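In full-length UniProt numbering, the protein residues as written are 1 to 352.
Ideal placement from N, C-alpha and C gives every residue a C-beta, glycine not left out.
Small disclaimer: the values here were computed from a predicted structure and weren't measured.
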Amino acid sequence: MQYTGDLKIVTKSPYRVEMIQSRGIIAQGAKLSQTKLRAMTAGFLFGGKPISLYGFRLISQEAPIWINGEKYPNKLKIFKDAYGKITVVHEMDLEEYLTGVLPNEIWANWPDEVLKAQAVASRTYALYESLIRFGRDYSSSGDVRSQIFRVNGQEAPSINEAVETTKGEVLTYKGEIFPTYFHSHSGGRTTRPEYVWPVKPHPALKGVLSPFARNSKHYRWEAKLESKEIEKRLKNKGYVVGTLSEIIPIRIDESGRAREIFIRHSRGTLKIRGNNFRMAVGPDKIKSLKDLKIERQGGQFVFQGYGWGHGVGMSQWGARDLADRGFSYRRILRFYYPRTEIVTLKDIVEQT
Numbered sequence: 001m002q003y004t005g006d007l008k009i010v011t012k013s014p015y016r017v018e019m020i021q022s023r024g025i026i027a028q029g030a031k032l033s034q035t036k037l038r039a040m041t042a043g044f045l046f047g048g049k050p051i052s053l054y055g056f057r058l059i060s061q062e063a064p065i066w067i068n069g070e071k072y073p074n075k076l077k078i079f080k081d082a083y084g085k086i087t088v089v090h091e092m093d094l095e096e097y098l099t100g101v102l103p104n105e106i107w108a109n110w111p112d113e114v115l116k117a118q119a120v121a122s123r124t125y126a127l128y129e130s131l132i133r134f135g136r137d138y139s140s141s142g143d144v145r146s147q148i149f150r151v152n153g154q155e156a157p158s159i160n161e162a163v164e165t166t167k168g169e170v171l172t173y174k175g176e177i178f179p180t181y182f183h184s185h186s187g188g189r190t191t192r193p194e195y196v197w198p199v200k201p202h203p204a205l206k207g208v209l210s211p212f213a214r215n216s217k218h219y220r221w222e223a224k225l226e227s228k229e230i231e232k233r234l235k236n237k238g239y240v241v242g243t244l245s246e247i248i249p250i251r252i253d254e255s256g257r258a259r260e261i262f263i264r265h266s267r268g269t270l271k272i273r274g275n276n277f278r279m280a281v282g283p284d285k286i287k288s289l290k291d292l293k294i295e296r297q298g299g300q301f302v303f304q305g306y307g308w309g310h311g312v313g314m315s316q317w318g319a320r321d322l323a324d325r326g327f328s329y330r331r332i333l334r335f336y337y338p339r340t341e342i343v344t345l346k347d348i349v350e351q352t
């Protein structure tokens with residue numbers, strides 16, 4: 001999590017502040033009560049005392065750590081950048097991380113086989129991120145840019161059981177870890193990652209027919225947005241636009257999704273990558289780019305489409321439908337990630 005401005009830190013048990021590399025103790029005490037942390041040019045001010053480092057560890061003996069009212073685990077790394085922004089990084093093992101991810105990525109009351117499939121997909125994606133970000137200060141952002149993580153203090157026995165049952169299991173393609181993307185609802189067919197983001201194609205992510213969960217409220221959607229609101233949101237993301245007159249989905253891929261959006265406005269025309277348009281206008285409004293229809297009605301635009309999310313990898317609602325039909329989590333994963341294999345982390349370590 002990244003913050004701008006001062007942080008207020010609280011923990012109710014003994015704590016210590018350590019250097020990241022040497023683990024040397026910088027400060028320690030019985031507790032922290034609304035202690036202010038401020039980024040400075042040469043480091044930090046922590047409770048009014050200077051720390052001349054770009055980062056440090058904060059460890060609470062037992063109690064969680066609260067930062068600006070948000071609950072964190074008891075082991076953190078805290079960094080600053082050249083612009084004074086402070087990044088807070090959770091330190092935890094992979095299985096513990098998953099128990100904080102799954103309740104925010106899928107419903108705990110869904111069938112067990114769906115939860116297991118999600119556990120394996122999330123574990124694989126987390127491992128993939130740690131590999132591509134090796135050597136950096138952190139591997140996961142804890143939000144929609146990677147996987148949503150929260151320490152909310154609520155136990156979800158079904159989630160914990162799914163994580164424990166699949167402990168150490170990950171997906172590989174020809175022996176390699178790959179990005180196991182997932183989304184809420186495919187709208188009938190999944191798509192390729194290179195159509196959504198500027199990434200390389202992957203053989204396990206070519207897209208599959210997924211004609212499931214048509215009774216879901218996310219299968220088909222409609223949204224109405226004022227033209228001025230769309231203009232404002234696009235400008236906030238750095239796009240130069242005037243008064244909008246026309247918005248057209250173009251470069252439709254084989255799944256029916258718009259790879260680009262063409263915009264005609266009072267100052268000219270603009271082409272935007274489809275997913276960038278969706279994220280700029282609001283993914284809660286433009287739920288998907290699949291079979292997207294856009295119609296201007298007076299001072300507003302009406303958007304209609306199918307599914308929810310980027311459409312790459314496993315459809316969670318589709319996985320639920322498959323589980324209801326008797327599919328095991330292994331079959332669900334093979335369906336959405338063809339020609340892949342489930343292995344354990346132990347297997348990977350032994351092969352290296």
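N- and C-terminal bounds of the beta strand (DSSP E) containing residue i
i    : result
T172 : E169 to Y173
V302 : Q300 to Y306
T344 : E341 to T344
A223 : R220 to E226
E295 : K290 to Q297
9 Å Cβ cutoff met for residue i and residue j
i    : j    : result
W91  : K77  : Note that residue 91 is Glu in the sequence shown, not Trp. In this structure, K77 lies closer than 9 Å to E91 by Cβ.
S255 : T190 : yes
V17  : L58  : yes
I261 : I252 : no
S13  : N74  : yes
F182 : S22  : no
A204 : Y173 : yes
Y15  : I86  : no
V208 : Y336 : yes
L171 : T340 : yes
A30  : I51  : no
F56  : I20  : yes
Y219 : R257 : no
E231 : H265 : yes
W66  : T124 : no
S184 : G298 : no
E161 : I342 : no
Residue i burial status per 10 Å Cβ neighbour count (16 or more: buried)
i           : result
S210        : buried
residue 358 : For the chain, the structure presents residues 1 to 352; residue 358 sits outside this window and is missing.
M40         : exposed
R325        : exposed
G5          : exposed
G135        : Low confidence applies to G135: its pLDDT is 46, below 50, so where it sits in the model is not reliable, and the reading given next is rough at best. Counting Cβ neighbours within 10 Å, G135 comes out exposed, since fewer than 16 surround it.
K116        : buried
L333        : buried
E176        : exposed
E62         : exposed
P111        : buried
T269        : exposed
T165        : exposed
S60         : buried
T180        : buried
S33         : exposed
D81         : exposed
V163        : buried
G142        : For G142, the predicted structure reports a pLDDT of 43, less than 50, and the residue's modelled location is therefore unreliable. The matter cannot be settled from this model.
P193        : buried
I272        : buried
G48         : exposed
Y128        : buried
R278        : buried
S216        : buried
Y72         : buried
Beta-carbon separation (whole angstroms), residue i vs residue j, contact threshold 8 Å
i           : j    : result
S328        : G311 : The Cβ separation is near 24 Å, so there is no contact.
S186        : G318 : 6 Å
A280        : L234 : 6 Å
residue 362 : L37  : Outside the shown range of the chain (1 to 352) lies residue 362, about which nothing can therefore be said.
A119        : L94  : That pair is no contact at about 11 Å.
G305        : K290 : 6 Å
A108        : A42  : Actually they are not in contact, since the Cβ atoms of A108 and A42 sit about 46 Å apart, beyond 8 Å.
Element boundaries [alpha helix (DSSP H), containing residue i]
i    : result
R123 : D112 to I132
G318 : Q316 to D324
R278 : G274 to V281
L209 : Note, L209: premise wrong, no alpha helix (DSSP H); not H, not E.
I332 : Y329 to Y336
I106 : I106 -> no alpha helix (DSSP H), and no H or E assigned at all.
S158 : P157 to T165
Residue i: CB within 8 Å of a non-hydrogen atom of the ligand MG
i    : result
G187 : Annotation note on the ligand MG: not contained in the displayed structure, which lists no ligands.
Which runs of the beta strand (DSSP E) at least 3 residues long sit entirely within the region 233 to 263? Give them in chain order. 244 to 252
Output the residue ranges of the beta strand (DSSP E) runs that lie fully inside the region 4 to 91 and measure 3 residues or longer, sorted by chain position. 7 to 11, 15 to 18, 25 to 29, 32 to 40, 43 to 46, 49 to 51, 55 to 60, 65 to 67, 70 to 72, 75 to 80 and 86 to 90
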